[in-house]
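Visitor:
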Amino acid sequence: MKHKRLFVALCLATLSSSVFSQCALIFSGTKGLVHFDASPEASEVWVDGAFMGTTPCRIALKKSVEHTVEFRKAGYTPRSYKLQNSIGAGWVILDVIGGLIPVIVDATTGAWYQFDQDHVNSVLQKQQ
């Protein structure tokens, strides 16, 4: 009876560690919220060539890829930025402790990544 309880406890611990230790996917997700602001206000925000809104705004972007951000407004020179990402070492360490399944899940979903900045601000110059 004692061995049966120990076996069940070990099985539950292994299962919960595999399921719940995909920390990055569960706690952080695959998208990051980035705040965009510009001077002058109501500048257009274009991400990877697609219009996403006017400033100020917050946009959820896929964290596993770097994005090109462009601010535009009539009468002003457009400004471009590269929104870079990096792998969060903390997520990797937690997943490695959890075993192979969490590593595979977070690596394939891109949940390990984080943006190097969560706020992008731009000042557009008036055209001559």
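Residue numbers for the sequence shown follow the numbering used here, beginning at 1 and rising by one.
Ideal placement from N, C-alpha and C gives every residue a C-beta, glycine not left out.
1. Give the list of continuous beta strand (DSSP E) stretches no shorter than 3 residues that lie fully inside the stretch 57-81.
2. Secondary structure at D48, three-state DSSP: helix, strand or coil?
3. Select from E70, V47, V103, T77 the residue whose C-alpha is nearest the C-alpha of W91.
4. Find out if the Cβ-Cβ distance for the pair Q114, L83 is shorter than 9 Å.
5. Using the Cα positions of V58 and Q127, report the straight-line distance between them to the nearest angstrom.
6. Whether or not the stretch 29-48 and the stretch 62-74 are in contact is what I'm after, with contact meaning three or more pairs of Cβ atoms, one per stretch, closer than 8 Å; do they touch?
7. When DSSP labels each residue in this structure, what does L100 get in the three-state scheme?
8. Select from L100, L61, G29, A111 the residue whose C-alpha is nearest the C-alpha of H119.
9. State the beta-bridge partners of D37 as determined by DSSP.
Guide: Inspection of the coordinates gives the following:
1. 57-62, 67-72
2. Counting from one through the sequence shown, the residue named residue 48 turns up at place 48. Residue state, collapsed to three classes: coil.
3. Numbered from its first residue, the sequence shown carries residue 91 at position 91. Selected option, being the one with the closest Cα: V103.
4. Stepping through the sequence shown from its first residue, residue 114 is reached at position 114. Stepping through the sequence shown from its first residue, residue 83 is reached at position 83. Contact flag unset, no.
5. Counting from 1 along the sequence shown, the entry for residue 58 is found at position 58. Counting from 1 along the sequence shown, the entry for residue 127 is found at position 127. Reading off the sequence shown, one finds Arg at residue 58, where the question assumed Val. Going by the C-alpha atoms only, they are around 27 Å apart.
6. yes
7. As a first step, residue 100 is located in the sequence shown; it is residue number 100 there, counting from the start. If DSSP states are grouped into helix, strand and coil, L100 belongs with the helices.
8. Numbered from its first residue, the sequence shown carries residue 119 at position 119. Among L100, L61, G29, A111, the Cα nearest to that of H119 is on L61.
9. What you label residue 37 is simply residue 37 of the sequence shown in a count that begins at 1. Its beta-bridge partners are N121.
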